[in-house]
Amino acid sequence: MNFGTGAQMSVLTKDVIYSGEYQIRPYFNGYYIKTIPHIPSGRALNVYYNFVKEVVNRFVTVEDGELWNYINSQAEQNKCPNLEIDMSFFSNPITDHSRGAIGNIGEKSFQIGNLFDSVYTQMAENIETIYKRLGQPFVKSILISGGVLNKNAYLRTKVLSKFKNVQTVYLAENETAEGIKEFIDLTYRGLENESI
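In numbering that gives the first Met the number 0, the protein residues as written are 0 to 195.
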């Protein structure tokens, strides 16, 4: 899983099975990846964050890290029923439209913690949808790259909750070089006959 400006989810495989549900790309050492790109991630998340930051900065200057810490602490404590979040601010593989929305707002439920908990829940559900489109293979190892999941432990927990049988999660700190290195290392660790 690569969560940066946009996200993509890929599964390493030896088999080339074409489908309109995903892309097949050549990989190293005789492998291919089934992948689905353009999943709403950092760019879509910033729509919500930039709104909150604009309001806060009207009254006081707050550093991004401090504001994210507050947002995530409130999201983790959320007790309200989740809002309905549509992150379709641009073309994506989840929906057929390019306008987002927030629904199911109750009189007391439109709070920072509930908003971001709901956004994170939707991001995790999007990943579950994509995982099913990739054929829902048995996955025992996951490699995570990209700043969005690396920097946000609460979101990472929500996303990983969709993978019940995962034994190992790797976090690539340098999402490009380290991510490629980790995939290559996984290939040479005796996983040649399994999807990762």
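For glycine and all other residues, C-beta sits at the position ideal for the given N, C-alpha and C.
query, result
"Who are Ser-18's beta bridge partners in DSSP?", "The partner list for Ser-18 (beta bridge, DSSP) is empty, contrary to what the question assumes."
"Residues bridged to Pro-36 by DSSP?", "Answer is none; Pro-36 lacks a bridge partner."
"Rounded to a whole number of angstroms, what is the C-alpha to C-alpha distance between Thr-4 and Gln-22?", "19 Å"
"Please name the residue or residues paired with Gly-196 in a DSSP beta bridge.", "There is no way to answer for residue 196, as the model of the chain reaches only from 0 to 195."
"What is the rounded straight-line gap between the Cα of Asp-63 and the Cα of Gln-73?", "15 Å"
"Throw me the rounded Cβ distance for the His-37 and Ser-97 pair, which I believe falls under 8 Å.", "No, His-37 and Ser-97 are not in contact; Cβ-Cβ is about 11 Å, not under 8 Å."
"Quick one: which unbroken beta strand (DSSP E) runs of 3-plus residues sit fully inside the stretch 104 to 160? Chain order, please.", "140 to 143"
"Could you check the C-alpha separation between Ile-35 and Val-54 for me, to the nearest Å?", "35 Å"
"Work out the CA separation of Val-10 and Pro-136 for me, nearest whole Å.", "8 Å"
"Along the chain, where does the alpha helix (DSSP H) containing Ala-74 start, and where does it finish?", "63 to 75"
"Pick from Leu-154, Leu-66, Thr-60: whose alpha carbon is nearest that of Thr-120?", "Leu-154"
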